[in-house]
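Just below is one structure, and these are the notes that go with it.
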């Protein structure tokens, strides 16, 4: 894998002086075209051997191009805010928006490779990390990101020479730390782990590019040329990047029964029993939210359902059992401008709660496979891949300590009609029924199908869906409170 | 100040039952109107005596209104990311956008009052904090925010009784901590300091409202009614909140000399001397940026100047002396949707660098008193108050460790014309001259006036303006590098 990069590639001064000015001007041009188009972000990962010229090359790129539209991030110790979220959270925060270039040092490869070469993780853990990375990068690519993964390489002897040279020169001595020499001593182990990692994460949509780091001019021209040609090619391509993914056929059940029409929507709770039940479950939820071990987890609740199914009312029955300082409700509407310049899930990543806190999503990331699917706001390949992306997302947040509880509030078409009419008659303008609501109703069968697919594909052992029969609002509220309590009790036992 | 709130105000159950449903429905209505209008944010500060019902009242408000459009924040220990910024940074992060309600516990009053009552700060420090708070709140009010500052009060004996009662009840026992009893023991000192703080920060645009906390029903109805009436009143008022501030007359010098036309734009550096000078100052800047004590400060550089004055080129001469991992360039264009829903300075607060880092603003918060003033994008009162707000902002970031260096790059009208023409002829589309550029040229005298006012009002001992004669690009670049080095050297000496 690294053989070619140990040949000691070189470009002489003359050839460099000849190539460089054009390359530089072209890079600047292509960077402005990228910015102008605003079509996709460019993500450049910088990894490799210490002393192989990672920093120098990036500095050079910043010199050649317009540094105003490049954001360079170096990740070292995570901050306390980062430590309370999934490992990838800090990288989501640093993703460049469409039209910009983001350069990431010490990115998602650094920690898994380092920890495994120090013997701190088992092979299975490394592989799990790499698997997760693959899916993450696939998602980024599917969202249109152009991804470069540069590995700056040096043979062992060359590294030693380079470190010594840097140490000797008073202007670069500061750069060589004990860590660098430790890296050199562990060279063989690190190279082995790195090879493994590179092999398992090299993909057509995000290939590794190994660069011989021994010659300053060679590596600069190599990186510059690759960037130039790839960005140019992508800009020239008029096709929609998201359309390229062929999607599997959607399977419909042959008979007419499905998850929703099998629900017994006539379920009720006796009027008299309700106040007592409500008090009981709210009290229990309140106690759970104040449990000392609750500080080790976070609670993420997703509310989806038919229009007028009673999401708002259910949320308020939960919040009134909680302290306002502990929760945040995220009403999900159209994405903002900044959110539209990022991958679909970005706007949910940024709302992830810290440990000990609760976030309730009034509509959620499932919009992708519900309204966006039915209304064709996104393409079929987009929503088809969303199921897997969502499962990945929920796995990551679960692993970081979140308890994910998801509710679908189901009402019948007749009950919805009754509620719409009731709302139209009420004096409160807040219950205005819009044209959209009536339009959505006409698409009832399409939504039903989308909901069944969603549940089939995203109800997992770590984050199951709870279908809530909601024709009777009180029944629905109690079922929701009870489910939350039970899920929390299980989770708190697990934190023992 | 607290006398009325120690009378033991009460509402009996019957009166409460009669008032409550209407109040609740009205509050919900007014909240939807607020959201619909999107005209201003509502900021509710919650402070007061422990046990006086702060939390309960806020929970009740969340129950009465739609909690989806209320964000409640409780601030305790600052995170590492917060510790590396000015004290108010964490509160800027939590400001509600227009149309929403933000409830802030443990807000900007908590720390100054607590620290002073524990004897950790001198009176002068407390007063300085209060002074800063006053200016901060004035800015928020001027930006249109509706601010409520509730002080929940209890007399000393009443607090004792209340804490005991809470401790006795098994369902509330968890809420009483050692801190609460400590608060009780220090009651007199805290009350004295609080009175002082309340007195010095009660303003027409953000008055303190002291609420008798002894009766649950009384305090809820009081807070609810005040919110309802004030929000309603503000919504009914069609006037532009920002217009109400009368502005002082602008003073123009009687003769024709000003800061800009007194500059000697013929200043030059010899072509031969330039490369050596450049290398010298870049090397020096590089060393300074790697100084161990640099980690205790941050560097914030502001670039303003005439169109085509060479800001981009100057920035690149700086970045090429630095490591890309250390700096970020913030090109300032039109604010995003999320930024438009916040006070003017919000978008700059969110870009403040951590310690050890560098942020360069290619155009900046000074847009308010330059382009926005000249093009009338904001009203005269808006830009008139911006000078003081900017000075406050720079004082806060300076106090938190930032070195603020501000450059105005000045060229003559003739030189600009020459550069515009040159750009029009160049093959690079990136240098396209827009209609805007030509239009701005016609307003040269207005911009000149705006620049002079800006420098007069915002060139301070902590963040002085450097006017850069930029007809000769090389001269400008060296002057800028040199200024940066000198400012940094002084600052690093100060960190000894």
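Protein chains in written order, with our numbering: chain A, 1 to 496; chain B, 497 to 992. Don't be surprised by glycine CBs; every beta carbon is placed ideally from N, CA and C.
If we count the other Cβ atoms within 10 Å of its Cβ and call it buried at 16 or more, is residue i buried or exposed?
i	result
residue 131(A)	exposed
residue 45(A)	buried
residue 383(A)	buried
residue 465(A)	buried
residue 47(A)	buried
residue 343(A)	buried
residue 967(B)	buried
residue 458(A)	buried
residue 62(A)	buried
residue 670(B)	exposed
residue 195(A)	exposed
residue 172(A)	exposed
Short of 6 Å in beta carbon distance, which residues of its chain neighbour residue i, apart from the five on each side in sequence? Order them along the chain.
i	result
residue 893(B)	582
residue 882(B)	864 and 865
residue 108(A)	91 and 133
residue 299(A)	358 and 403
residue 531(B)	565 and 595
residue 742(B)	With a pLDDT of 49 at residue 742(B), under the threshold of 50, the predicted position of this residue should be treated as unreliable, though the coordinate-derived value follows. So no residue of the chain qualifies.
residue 844(B)	861
Judging by CA-CA distance, which residue of the options is the nearest neighbour of residue i?
i	options	result
residue 113(A)	206(A), 25(A), 488(A) and 49(A)	49(A)
residue 792(B)	607(B), 896(B), 636(B) and 971(B)	896(B)
residue 816(B)	58(A), 452(A) and 273(A)	58(A)
residue 533(B)	678(B), 811(B) and 593(B)	593(B)
residue 324(A)	830(B), 550(B) and 681(B)	550(B)
residue 905(B)	951(B), 942(B) and 930(B)	951(B)
residue 754(B)	973(B), 501(B), 517(B) and 943(B)	943(B)
residue 127(A)	66(A), 201(A) and 142(A)	201(A)
residue 807(B)	501(B), 971(B), 935(B) and 539(B)	971(B)
residue 828(B)	688(B), 727(B) and 847(B)	847(B)
residue 956(B)	946(B), 965(B), 889(B) and 937(B)	889(B)
residue 335(A)	478(A), 214(A), 372(A) and 75(A)	372(A)
residue 84(A)	423(A), 354(A), 490(A) and 378(A)	354(A)
Under 8 Å Cβ to Cβ from residue i, same chain only, skipping five residues before and after it: list those, please.
i	result
residue 993(B)	A question about residue 993(B) goes unanswered here, because the residues of chain B that appear run from 497 up to 992.
residue 188(A)	156
residue 503(A)	Because chain A is modelled from 1 through 496, residue 503(A) falls outside the range shown and cannot be assessed.
residue 682(B)	613 and 614
For a contact defined as C-beta to C-beta under 7 Å, what are the partners of residue i on chain A?
i	result
residue 860(B)	Here the premise fails: no neighbours, minimum Cβ distance about 13 Å.
residue 544(B)	Chain A residues near residue 544(B): none, gap ~15 Å exceeds 7 Å.
residue 824(B)	71
residue 590(B)	What residue 590(B) touches in chain A: nothing, since even the nearest Cβ is about 11 Å away.
Can you find the residues in the same chain that come closer than 7 Å, C-beta to C-beta, to residue i, ignoring five residues on each side of it along the sequence?
i	result
residue 933(B)	803 and 916
residue 578(B)	585 and 586
residue 885(B)	635 and 841
residue 525(B)	none
residue 115(A)	121
residue 5(A)	153, 210, 211 and 212
List, in order along the chain, the chain A residues whose C-beta lies closer than 9 Å to that of residue i?
i	result
residue 624(B)	Residues of chain A passing the Cβ test: none, with the nearest at roughly 28 Å.
residue 551(B)	323, 324 and 325
Which chain B residues are close to residue i, counting only those with a beta carbon under 8 Å from its beta carbon?
i	result
residue 320(A)	555, 558 and 559
Show which residues of chain A have a CB atom less than 8 Å away from the CB atom of residue i.
i	result
residue 446(B)	Because residue 446(B) is not part of the residues shown, which for chain B are 497 to 992, the question remains open.
residue 599(B)	324
residue 575(B)	79, 80 and 81
residue 464(B)	There is simply no residue 464(B) to check, as chain B begins at 497 and stops at 992 in what is shown.
Which bits of chain B does residue i rub up against, with CB to CB less than 7 Å?
i	result
residue 358(A)	Under the 7 Å cutoff, chain B gives no residues; its nearest Cβ is about 12 Å from residue 358(A).
Please compile the residues from chain B whose C-beta is within a distance smaller than 9 Å of the C-beta of residue i.
i	result
residue 74(A)	819, 820, 821 and 822
According to a CB-to-CB cut-off of less than 7 Å, which residues of the region 769-797 of chain B neighbour chain A? 786
Counting only Cβ-Cβ distances shorter than 7 Å, please list the residues of the region 655-673 of chain B near chain A, keeping chain order. 670
Using Cβ-Cβ distances below 9 Å, what residues of the region 376-391 of chain A are close to chain B? none
For the region 799-811 of chain B, which residues have a beta carbon sitting closer than 8 Å to at least one beta carbon of chain A? 808 and 811
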